[in-house]
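Structure first, commentary second.
There are 2 protein chains.
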Amino acid sequence: MQSTQIDQRVSLAVSTVVFALRPHPRTGHDTLWLPLVRRIREPYEGAWALPGGPLESDEDLAASARNTLERTTGLTTNYLEQLYSFGEVDRSPADRVVSIVYWALVRPDEAARAVDGENVEWFVADEVPELAFDHNRIVEYALGRLRAKITYSPIAHAFLNPEFTLAELREVHEAVLRKPLDPANFRRQVLASNTVVPTGTCVTGTSHRPPALYRFDPASTTTRERP
Amino acid sequence: MQSTQIDQRVSLAVSTVVFALRPHPRTGHDTLWLPLVRRIREPYEGAWALPGGPLESDEDLAASARNTLERTTGLTTNYLEQLYSFGEVDRSPADRVVSIVYWALVRPDEAARAVDGENVEWFVADEVPELAFDHNRIVEYALGRLRAKITYSPIAHAFLNPEFTLAELREVHEAVLRKPLDPANFRRQVLASNTVVPTGTCVTGTSHRPPALYRFDPASTTTRERP
């Protein structure tokens, strides 16, 4: 662990914005939620903040994000990406802290395994309270990035189980973008993008014309988001 | 300035990958160049590295990038954006350093004002020598980001004077992407994107049908690249 700050040095924290889809408490429609952790010390004691902690000297950045996320919320994720580094001089009232922020997308089963302890709570992402530090600004930025990126990059599958129907994939887009999408157009666009492949199986049990299952094709994306 | 590292603490540096277009020394075609700074102390004494330096405790991140860039190379830029933070545990041989890396695009007149001192030299970006630390990897990542981003975001104008012809804009794309583009297609796509507006004037002097001048329309882009 880093020792206490004693001088003008800059200390480094790693935090993570985790998104999962759950029904909205009023509308019942799937919407974005995120877990926040209640601060148990100053500054901002008692306020909600993003899960995170100081970068340990023997940890890589993504490992730090994963470790503090699991330690504080019990969450693990397959989709973790660096979002941005926030370093304004006055973003922390006492010392100078630069936060390297990651964002994660989690599936329902991953979210269900998360701890819901007294100091961890899930919030509707667009309705978070006033947070510690500049964390409201970070959440807003992460939401903007997610909503931009889902329009040009195949990331929606990260909210779903490995096998999904095209209707489920569309519902993820609709929940993230907060608007209905035309099913036929969506289907055509997804199939034309070659980012999903049919598993050759169908949803079992429910219907005499069961919908086909697909999985994400990792080989389809050449976007270089990380080094 | 940060004081000397004495313990297990993590220190923070800010570096910048600066791209400008100049003719390639062999082919004569415009190509990407970047300035490097020769290290005058260990580790990697004598090796070339990206311009940068430790984050000062009273400086914002982008201000640090601008200040070290100007101090080491004399360069100023209108296009400066955060690229990525590199923080592998073993990326520096002695201490633990996390580098927050910015990238900048500069115009010919900005590049011409740069210092070409004994410890600063410009290199063809795809032909840099073995650099200090993980800076080869950072340059490669920045090149990939630039080449990806120029295909979906109006950034090419940052290499040009405020008023430019569509042929000049196409030549920037060709130089960055290292391939010829069809002039009629390019013209159609750029005009359809509504990212440039005609200034109402033409190039003067040279031709009886002088090409029209355009400028970038900042209001056209809604891409949220920074908070």
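Chains as they are written, first to last, in numbering that gives the first Met the number 0: chain B, 0 to 226; chain F, 0 to 226. Every residue gets a Cβ at the ideal spot worked out from N, C-alpha and C, and that includes glycine.
| task | Go ahead and label residue 176 of chain B buried or exposed: buried means 16 or more other beta carbons lie within 10 angstroms of its beta carbon, across all protein chains shown. | result | Label assigned to residue 176 of chain B: exposed.
| Is it true that the CB of residue 174 of chain B sits closer than 8 Å to the CB of residue 33 of chain B? | No, the pair does not count as a contact, with Cβ atoms beyond the cut-off.
| query | What residues in the stretch 158-182 of chain B have a beta carbon less than 8 Å from any beta carbon of chain F? | reply | Of all residues in the stretch 158-182 of chain B, none has a Cβ within less than 8 Å of some Cβ in chain F.
| request: Measure the alpha-carbon distance for residue 76 of chain F versus residue 113 of chain F and round it to whole angstroms. | output: Going by C-alpha positions, residue 76 of chain F is about 11 Å away from residue 113 of chain F.
| Terminal residues of the continuous alpha helix (DSSP H) containing residue 185 of chain B? | Looking at the DSSP string, the run of the alpha helix (DSSP H) that includes residue 185 of chain B is 182-192.
| message | Mapping the DSSP letters down to three states, classify residue 80 of chain F as helix, strand or coil. | response | Residue state, collapsed to three classes: strand.
| task | Determine the direct distance from the alpha carbon of residue 23 of chain B to that of residue 212 of chain B, and round the result to whole angstroms. | result | As the crow flies, the alpha-carbon of residue 212 of chain B is around 26 Å from that of residue 23 of chain B.
| message | Please classify residue 13 of chain F as buried or exposed, where buried requires at least 16 neighbouring CB atoms within 10 angstroms. | response | Residue 13 of chain F sits buried, since 16 or more C-beta atoms from the chains shown fall within 10 Å of its C-beta.
| query | What's the C-alpha gap between residue 4 of chain F and residue 197 of chain F? | reply | Residue confidence for residue 4 of chain F is low, a pLDDT of 39 falling below 50, so the modelled location carries little weight; the figure read from the coordinates is stated next. Cα to Cα, the separation comes out at about 54 Å.
| Going along the chain, which residues of its own chain have a beta-carbon closer than 6 Å to the beta-carbon of residue 52 of chain F, five neighbours each way excluded? | Leaving aside the five residues that flank residue 52 of chain F on each side, the residues in its chain whose CB is nearer than 6 Å to its CB run, in chain order, 67.
| field | Residue ranges of each beta strand (DSSP E) within the stretch 144-173 of chain F, 3 or longer | value | Restricted to the stretch 144-173 of chain F, not a single beta strand (DSSP E) segment is unbroken, complete and at least 3 residues in length.
| request: Using alpha carbons as the reference points, say which of F:103, F:156 and F:181 lies closest to residue 216 of chain F. | output: Among F:103, F:156 and F:181, the Cα nearest to that of residue 216 of chain F is on F:156.
| Given that a residue counts as buried once 16 or more other Cβ atoms are within 10 Å of its Cβ, and exposed if not, what is residue 83 of chain B? | Looking at its Cβ environment, which holds 16 or more other Cβ atoms inside 10 Å, residue 83 of chain B is buried.
| Is there a Cβ from chain F that is less than 8 Å from the Cβ of residue 86 of chain B? | It does: the Cβ of residue 86 of chain B has a partner Cβ on chain F nearer than 8 Å.
| task | Locate the beta strand (DSSP E) running through residue 120 of chain B, then write down its first and last residues. | result | Segment 119-123, the beta strand (DSSP E) holding residue 120 of chain B.
| said: Would the stretch 30-46 of chain B count as touching the stretch 181-189 of chain B if we require 3 or more Cβ pairs under 8 Å? | reply: In short, these stretches do not touch, since the Cβ pair count stays below three.
| Quick one, which of F:131, F:220 and F:206 has its alpha-carbon nearest residue 47 of chain F's? | Selected option, being the one with the closest Cα: F:131.
| So what's residue 140 of chain B in DSSP terms, helix, strand or just coil? | DSSP places residue 140 of chain B in the helix class (H, G or I) of the three-state scheme.
| task | Going by CA-CA distance only, name the one from F:202, F:187, F:148 and F:8 that's closest to residue 163 of chain F. | result | When F:202, F:187, F:148 and F:8 are compared, the shortest CA-CA separation from residue 163 of chain F is found for F:202.
| Mind pulling the chain F residues with CB within less than 9 Å of residue 95 of chain B? | Under the 9 Å cutoff, chain F gives 54, 56 and 57.
| field | CB-CB length for residue 35 of chain F against residue 99 of chain F, believed under 8 Å | value | The beta carbons of residue 35 of chain F and residue 99 of chain F sit about 18 Å from each other, so the pair does not count as a contact at 8 Å.
| query | Cβ of residue 73 of chain F within 8 Å of Cβ of residue 60 of chain B? | reply | No.
| task | For residue 220 of chain F, collect the residues of the same chain with a Cβ closer than 8 Å to its Cβ; drop the 5 residues on either side in sequence, then sort them by chain order. | result | The residues are 152, 153 and 194.
| query | Using a C-beta cutoff of 8 Å, does residue 43 of chain F count as contacting chain B? | reply | Judged by the 8 Å Cβ criterion, residue 43 of chain F is not in contact with chain B.
| said: Does chain F have any CB closer than 8 Å to the CB of residue 149 of chain B? | reply: Among the residues facing chain F, residue 149 of chain B is not included, as its CB has no counterpart in that chain under 8 Å away.
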